[in-house]
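Take the sequence shown: its position 485, counting from 1, is numbered 485 in the working numbering, and each next residue is one higher. Where a beta carbon is used, it is the ideal one built from N, C-alpha and C, also for glycine. Beneath this line is the structure, given in C-alpha cells, with notes to follow.
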Amino acid sequence: MTANLYALFASRFPADSTACCIETHDGQYYSWGDIERASARIANLLSSLDLPSGARIAAQVEKSPEALILYLATLRAGFVYLPLNTAYRAAEIEYFIGDAEPAVFVCTPQNFGWVAQIAFKAGTRHLFTLDEGGNGRRNSGSLLARAMHHPDAFDTVEKQADDLAVILYTSGTTGRSKGAMLSHGNIGSNAQVLQQYWHWHWQAGDVLLHALPLFHIHGLLVAANGALLNGSKMIFLPKFEAAEVCRQLPRSTVFMGVPTYYVRLLASGGFDRHTCRNIRLFVSGSAPLLADTFAEFAERTGHTILERYGMSETAMLTSNPYAQERRGGTVGLPLPGVSLRLMGTDSEGRGEVCKTGEIGDIQVKGPNVFHGYWRMPEKTVEEFTADGYFKTGDVGRFDNQGYLSIVGRSKDLIISGGYNVYPKEIESVLDEIDGVLESAVIGIPHVDFGEAVTAVIVKRPEAKLTTADVIALMKTSIANFKVPKQVFFAEELPRNTMGKVQKNVLRERYALPAAGSVTPS
Ligand code: AMP
Numbered sequence: 001m002t003a004n005l006y007a008l009f010a011s012r013f014p015a016d017s018t019a020c021c022i023e024t025h026d027g028q029y030y031s032w033g034d035i036e037r038a039s040a041r042i043a044n045l046l047s048s049l050d051l052p053s054g055a056r057i058a059a060q061v062e063k064s065p066e067a068l069i070l071y072l073a074t075l076r077a078g079f080v081y082l083p084l085n086t087a088y089r090a091a092e093i094e095y096f097i098g099d100a101e102p103a104v105f106v107c108t109p110q111n112f113g114w115v116a117q118i119a120f121k122a123g124t125r126h127l128f129t130l131d132e133g134g135n136g137r138r139n140s141g142s143l144l145a146r147a148m149h150h151p152d153a154f155d156t157v158e159k160q161a162d163d164l165a166v167i168l169y170t171s172g173t174t175g176r177s178k179g180a181m182l183s184h185g186n187i188g189s190n191a192q193v194l195q196q197y198w199h200w201h202w203q204a205g206d207v208l209l210h211a212l213p214l215f216h217i218h219g220l221l222v223a224a225n226g227a228l229l230n231g232s233k234m235i236f237l238p239k240f241e242a243a244e245v246c247r248q249l250p251r252s253t254v255f256m257g258v259p260t261y262y263v264r265l266l267a268s269g270g271f272d273r274h275t276c277r278n279i280r281l282f283v284s285g286s287a288p289l290l291a292d293t294f295a296e297f298a299e300r301t302g303h304t305i306l307e308r309y310g311m312s313e314t315a316m317l318t319s320n321p322y323a324q325e326r327r328g329g330t331v332g333l334p335l336p337g338v339s340l341r342l343m344g345t346d347s348e349g350r351g352e353v354c355k356t357g358e359i360g361d362i363q364v365k366g367p368n369v370f371h372g373y374w375r376m377p378e379k380t381v382e383e384f385t386a387d388g389y390f391k392t393g394d395v396g397r398f399d400n401q402g403y404l405s406i407v408g409r410s411k412d413l414i415i416s417g418g419y420n421v422y423p424k425e426i427e428s429v430l431d432e433i434d435g436v437l438e439s440a441v442i443g444i445p446h447v448d449f450g451e452a453v454t455a456v457i458v459k460r461p462e463a464k465l466t467t468a469d470v471i472a473l474m475k476t477s478i479a480n481f482k483v484p485k486q487v488f489f490a491e492e493l494p495r496n497t498m499g500k501v502q503k504n505v506l507r508e509r510y511a512l513p514a515a516g517s518v519t520p521s
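This is the structure we're talking about:
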C-alpha cells in the first residue's frame, strides 16, 4: 500500500465531492472535487517537466487555496515540497536556492524579476508565478495558466513511508538555516495521532478557521493537514486579523493560533462567549502562551486553550489533553508514540534521565521525528544521541502529573557567575509584577559574571514602574544570582511571524558597550 500522504488524505475526502473543502473570506468556494482536479492538473504539469526523482518544488507565495493545492500536487506527483516564508528577501532566497537546488521555483508575480535573476544563475530549470487572488478573483500567474492545459485526473505516485515529502527550513536565528527533511510517514503518522488526540470526528461537521501562514509547520502540517485528513471544511483567511477572525468564529468549530493571536483577540472589542459559541477547540503553539493570557481567555470566553508543543524537525511532540485537565503554563503530555525524556548530568558529568521536577534537555524519538538536515550529515549526527533520540535544543521540566513545561531553549540558558539561570523562570516572576505586561530575559556577556542576567520589560500603559522597583521586587522573590543585573523598558518585544520572541535581536540591541559597565547588585 502506498504511504503517499496525499493518498491518505484522499482516502478521507467526503463521498460527496461537491461538498465544501475551502471557503475564502471573500466568499469563494472550493469543493473537494475542485481540489482533486486542480491538484491533478498541477501534478500533471510537474510530471511533464521530466524532473528527477526527489526534485524539490520550492514556493514563496502568498497564502491562498492555490498555494495549498500546489503542496498537494507536489505530494501527488511524488516530489518534495519546500515552502518559504514570504518575508524572505533576495539574500535569503539566494541561500535557499543554492542549498536546496529546487528544480521548480514558484514565486509571486511581483517578485519575479529578482527571483528570476537568482534562480536562473543557480540553475533552477523552471520558474512559475502564482498570485494571491482575493477580492472575489481567483488566482492567476503562469503556474495555473500552464496547468490549465493538463488533464484533471492523475494517478497519485506510490511512495514509501521513509520517502521525503517536505523540507522545512528552520527559522535560523543563529547560524545557517537548516532544512528539516520530513517523510510521508513522519507527517502522516503525526496527523493521524492528532486527529485522535484532538477528537476530530471524521466528517462530523468540524470547520477549521485557518488564519495561520502556510509556509510553517503550524499552518501547513498541523492545521491544514488536520482538516484535510478529516474531510473537514476550512475557512481560509489570507492572514490573521482580529476583526475578521471574530467575524468568522461563529461559523467555525476549531481555531489554531500562535499566542499573539490570542492576545490580539482579547484586546479586540466584542470578543466574548457569544463570538466563540460554536467553537469546540482553541489550540495554541509555536511559542509560549503566557499564564495571564490563558487565564484571561478562560474567563472571557469560557474556553480553556489547549497548548501543544512541537517543532519543524519533529512535528508535534506533546499536547494538553482534550478531555482531561489542560494546565496553563504547560505543553501537556507526550503524544501517543512519542518517547520524550529529559536529560541532565550526574556528578561525574555523565548523561542521566531527570527526576520529576528537575530541569533537563528535551530529547525525543518516534515515527514523527525527521530524517535529518538537508545536506548536513555531520550536523544531523551531532543532533541525535547514540541511542537514536533527537536533541530538540529545548529545556523542560515534568510536573508530578507528567505535564511538561518548556523552560527555554538550551542556547538561551544564561550562565552567570557559574550558576545556571533559566530565562523562563525569571520571566514568570517578572510577569507577576504589577504593571508588567510581558518580559524577556537574556544573557549579556559580562567581564565578571561571564553573562549578566538582563531583563527587557514591556510595561502596561498606566504603569509607573522604575528599574529600581523591579530589581527591588525581584530581590524579595528569587536568589540574588538570578536577579537581573540590568532592566530595560521597551515599547514591545521583537517577534518573528510565528510570534516567537527574537532573543538574538535583544542580545544585540542590549549588548554592553564595554563589558563590565553594569553595576553588580
Ligand atoms: P518551529 O520549528 O519554528 O516550529 O519552532 C519550534 C520551537 O518553537 C520549539 O523548539 C520550541 O522552542 C518553540 N515552541 C513550540 N511550541 C511551543 C510552546 N507551546 N511553548 C513554548 N515553546 C514552543
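The beta strand (DSSP E) that contains residue 125, what's its start and end?
Careful: residue 125 lies outside any beta strand (DSSP E) and carries neither H nor E.
What whole-angstrom Cβ distance do residue 328 and residue 344 have, given they're in contact under 8 Å?
Between residue 344 and residue 328 the Cβ distance is about 25 Å, and since that is not below 8 Å, they are no contact.
Apart from the five residues just before and just after residue 87, which ones in its own chain have a Cβ nearer than 8 Å to its Cβ?
497
Tell me the DSSP bridge mates of residue 497?
Answer is none; residue 497 lacks a bridge partner.
According to DSSP, is residue 30 helix, strand or coil?
strand
Could you work out which residue in 42, 349, 65 is closest to residue 25 when comparing CA atoms only?
65
Using 9 Å as the threshold, is the C-beta distance between residue 190 and residue 320 below it?
no
Can you check DSSP and say which residues form a bridge with residue 107?
60, 129
Is residue 342 closer than 9 Å to residue 397 when the C-beta atoms are compared?
yes
Give me the Cβ distance between residue 339 and residue 366, rounded to the nearest whole Å; I'm assuming they're in contact under 8 Å.
6 Å
For residue 165 and residue 142, the rounded distance between their alpha carbons:
24 Å
CB of residue 287 to nearest heavy atom of the ligand AMP: below 8 Å?
yes
Straight-line Cα distance separating residue 184 from residue 163:
6 Å
Where do the ends of the alpha helix (DSSP H) carrying residue 532 lie?
Residue 532 lies beyond the range of the chain shown here (1 to 521); nothing can be said about it.
Less than 8 Å separating the Cβ of residue 343 from some heavy atom of the ligand ADP?
As for the ligand ADP, it is missing from this structure, which binds only the ligand AMP.
For residue 218 and residue 286, which I take to be in contact (beta-carbon distance under 8 Å), what is that distance rounded to the nearest angstrom?
5 Å
Identify every run of the alpha helix (DSSP H) within the region 205-272, keeping only runs that are complete inside it and at least 4 residues long; order them along the chain.
225-230, 242-248, 259-267
For residue 412 and residue 377, I'd like the C-alpha separation in whole angstroms.
25 Å
For residue 526, count the other beta carbons within 10 Å of its own beta carbon; 16 or more makes it buried, fewer makes it exposed. Which is it?
In this structure the chain extends from 1 to 521, so residue 526 is not present and cannot be described.
Do we get a CB-CB distance below 9 Å when we pair residue 388 with the residues of chain C?
In summary, chain C is missing from the structure at hand, where a single protein chain is found.
Determine the direct distance from the alpha carbon of residue 124 to that of residue 55, and round the result to whole angstroms.
11 Å
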